[in-house]
Amino acid sequence: MTSTGHRADRGHPILAALSAIDSEIDTVERAPAWSMSDEDTRQALARVTRLIARLSGLELKVAAHADRNQVGDASGATSTSVWWANHTRMTQREAARKIKLANALETHDPVAHALAAGDVLVDQAHVVTDAVDALPDTVQPDVRTRARDYLLEAAAHYDARALRIQGRRILDVVAPEIGEA
């Protein structure tokens, strides 16, 4: 293993993990879902949703790195999101939205970690980062931290829509003296 964590025989650990995930999905792609019990189906659906969130966290981590390094420049793309959209058949709007969240997660480590763990979904991560970033500049860092932590805890109980409503009034919850002013 090299000092960067690379194994000479497998390449970068992220690429090796993605290859392994790809292979595992190939093994179950043709497995019949009809043979699953109701309990197996419930577990599988919840676990797939969690894994998609985790993979989304990884996708956004790599996207932030790609944007920092301007990976599209070599091919003449005007931005990383344009390059990404062109190479993945994603709309430019969706690529730009993902890049925006990827960059926001760079300054919201606990949200990035929650997404990487599958504890929040992508839409919930958007809500938390947007709500905290929308707080007035005069709000102290400890209040921002309390707001973020409150919303991350609430994400365990509420979907993104309900969480967005809470995010709009977050100061009323974590700093009523500011929120009511």
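Using our numbering, the first residue of the sequence shown is number -16, and each one after it goes up by one. All C-beta atoms in this analysis are idealised placements derived from N, C-alpha and C, irrespective of residue type, glycine included. None of these values were measured; they are calculated from a predicted model.
Opposing strand residues paired with residue i [DSSP bridges]
| i | result |
| --- | --- |
| G150 | In the DSSP output, where bridge partners are listed per residue, G150 has none listed. |
7 Å CB neighbourhood of residue i in its chain, flanking five on each side removed
| i | result |
| --- | --- |
| I165 | Since the displayed the chain opens at -16 and closes at 164, residue 165 lies outside it and no answer follows. |
| D50 | T63, I82, A85, N86 |
| A68 | T74, Q75, A78 |
| A27 | M19 |
| G55 | S62, T63, V65, W66 |
| D166 | Outside the displayed span of the chain (-16 to 164) sits residue 166, for which this structure offers no information. |
| P15 | none |
| Q53 | T63 |
| A0 | none |
| D116 | A87 |
Residue i and residue j closer than 8 Å at C-beta
| i | j | result |
| --- | --- | --- |
| L146 | T112 | no |
| V45 | I(-3) | yes |
| A100 | R25 | no |
| A143 | Q107 | yes |
| A47 | V103 | no |
| I161 | V126 | yes |
| V94 | G150 | no |
Other residues of its chain near residue i: CB distance less than 6 Å, five sequence neighbours each side excluded
| i | result |
| --- | --- |
| V105 | S39 |
| A158 | V126 |
| H91 | T112 |
| R33 | G101 |
Curious, which full-length alpha helix (DSSP H) runs of at least 4 residues does the stretch 20 to 80 contain?
Counting only runs of 4+ residues, the alpha helix (DSSP H) found wholly inside the stretch 20 to 80 occupies 21 to 51, 63 to 71, in chain order.
Which whole runs of the alpha helix (DSSP H) in the stretch 70 to 129 are 4 residues long or more, in chain order?
Within the stretch 70 to 129, the runs of alpha helix (DSSP H) that reach at least 4 residues and sit entirely inside it are, in chain order, 75 to 88, 92 to 100, 105 to 116.
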